[in-house]
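Q: Numbering (our numbering), first residue to last: -6 to 364.
Structure follows, in structure tokens:
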């Protein structure tokens, strides 16, 4: 069984936990709820678990990664298809689903990226439970849209902006090029965006954080060049008005293209300022200060080839207590904020590669966290 990126978990008010993961051709509700697993075509990205109709029960949404048969399905907690689902999309689903209320109307949408080849186009969907989409959606961009959308309310109007990079993936193109977009909830592009990148591909998801603690949020993302994929990568930081965060757009340079996954931001040093954690598809994890300087103790001891996003535990309001990583070699490690491995870790879990991001949650309601 090939498990694809990222489980999803939700705990209801009644204390019932619904943990869902997708394999190559099925979705499993670990528990196991009646009606699961649900079998379908080859999956793409990670599932989402969210109460879309506000009835106190969770729905599950997952999509197909097959270019020949792209679709999105939705099920109730017992594995029954929601009326009107599955639906066809304009292309295979590339990233993780993002549940959010983009227009502040009290109705949750689920964002999903799809890409088509011929014509080369990226599409960002915003699905309601009845399979409709808000006015102005889906959004279409002229290039492929690969990573999962990021959302944040930058202007304080209660409606979310949608952040997504796009790349020119046409093989015959003489130079790698990319754009980073910010769209308003009505589908219009925000002022100062998109930002164009010449001779560069931007494939990482976009992280949002107040890097300089001035009350305004910045964007952090990574990229590289196909021609130098195995030797060079660049970390970027921008203000949300489209201007560079530092003296120039590049915050730091690393030894390989920054992989198309998330970027971790957490307080590692206890000085209230966030640090930035990235991986480059190698056997180590980088951590940088907001001025692009490497953090002492990082990269930490290797656990093998790593591409997934690091997970910082208890890092919302204070210093991160632990950083969880998994690798293609079947290892899982827990590091402290100084890059040291916690006792009894890493652990080896067989020859199968971990392709998904680790999930840390209290699955059984006993306060202790499970991984």
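Ideal Cβ placement from N, Cα and C applies to all residues, glycine included.
What is the DSSP secondary structure of residue 22, reduced to helix, strand or coil?
A: Any reading at residue 22 is ruled out, since the residue's pLDDT is 48, under 50, leaving its predicted position unreliable.
Q: Please return the same chain residues whose Cβ sits closer than 7 Å to the Cβ of residue 194, not counting the five positions on each side in sequence.
A: These residues qualify, in order along the chain: 160, 169, 171, 216, 217, 218 and 219.
Q: Among the residues of its own chain, which have a CB less than 6 Å from the CB of residue 245, if the five just before and after it don't count?
A: Only 228, 281 and 285 meet the Cβ criterion.
Q: Below 6 Å CB to CB, which residues in the same chain sit around residue 314 once its five sequence neighbours on both sides are set aside?
A: 306 and 307.
Q: Does the Cβ-Cβ distance between residue 68 and residue 81 come in under 8 Å?
A: Not closer than 8 Å, so no.
Q: Is residue 27 helix, strand or coil by DSSP?
A: Coil at residue 27, not helix or strand.
Q: Taking the straight line between their C-alpha atoms, what separation do you get for residue 46 and residue 74?
A: Distance between the alpha carbons of residue 46 and residue 74: 14 Å.
Q: Kindly list the residues whose CB is nearer than 7 Å to the CB of residue 142, restricted to its own chain and excluding five residues on each side of it in sequence; keep chain order.
A: For residue 142, where only same-chain residues beyond five positions count, the Cβ hits under 7 Å are 91, 104, 106, 117, 155, 156 and 157.
Q: For residue 175 and residue 209, what's the separation of their Cα atoms in angstroms?
A: The straight-line gap from Cα to Cα measures roughly 15 Å.
Q: Go through the segment 256 to 318 residue by residue and report every complete run of the beta strand (DSSP E) that reaches 3 residues or more, in order.
A: Listed in chain order, the complete beta strand (DSSP E) runs (minimum 3 residues) inside the segment 256 to 318 are 257 to 259, 268 to 272, 278 to 281 and 304 to 306.
Q: Mind listing, in chain order, the continuous beta strand (DSSP E) runs of no fewer than 3 residues lying wholly within the segment 150 to 205?
A: DSSP runs (the beta strand (DSSP E)) wholly in the segment 150 to 205: 154 to 160, 170 to 176, 188 to 191 and 200 to 202.
Q: According to the Cβ coordinates, are residue 312 and residue 261 closer than 8 Å?
A: Closer than 8 Å, so yes.
Q: Taking only runs that begin and end inside the segment 112 to 136, name each unbroken alpha helix (DSSP H) of 4 or more residues, in chain order.
A: Counting only runs of 4 or more, we get nothing.
Q: Between residue 332 and residue 290, how many whole angstroms is the CB-CB distance? I'm expecting something under 8 Å.
A: 3 Å between Cβ atoms; contact.
Q: Are residue 109 and residue 129 closer than 8 Å when you measure CB to CB?
A: Contact flag unset, no.
Q: Kindly indicate which three-state DSSP category residue 211 falls into: helix, strand or coil?
A: Note: residue 211 maps to strand in three-state DSSP.
Q: Give the secondary structure of residue 247 by DSSP, where H, G and I count as helix, E and B as strand, and everything else as coil.
A: In the structure shown, residue 247 sits in a strand (DSSP, three-state: E or B).
Q: Rounded to the nearest angstrom, what separates residue 206 and residue 237 at their Cα positions?
A: So the alpha carbons of these two residues sit roughly 16 Å apart.
Q: To which residues of the same chain is residue 296 closer than 6 Å at the C-beta, ignoring the five residues directly before and after it?
A: Counting only Cβ-Cβ distances below 6 Å, and skipping sequence neighbours, we find 320, 324, 326 and 339.
Q: Considering only C-alpha positions, which residue in the set 180, 184, 231 and 178 is nearest to residue 199?
A: Residue 199 has its Cα closest to that of 231, out of 180, 184, 231 and 178.
Q: Helix, strand or coil: which one does DSSP assign to residue 220?
A: Note: residue 220 maps to helix in three-state DSSP.
Q: Rounded to a whole number of angstroms, what is the C-alpha to C-alpha distance between residue 76 and residue 140?
A: Cα-Cα distance, rounded: 28 Å.
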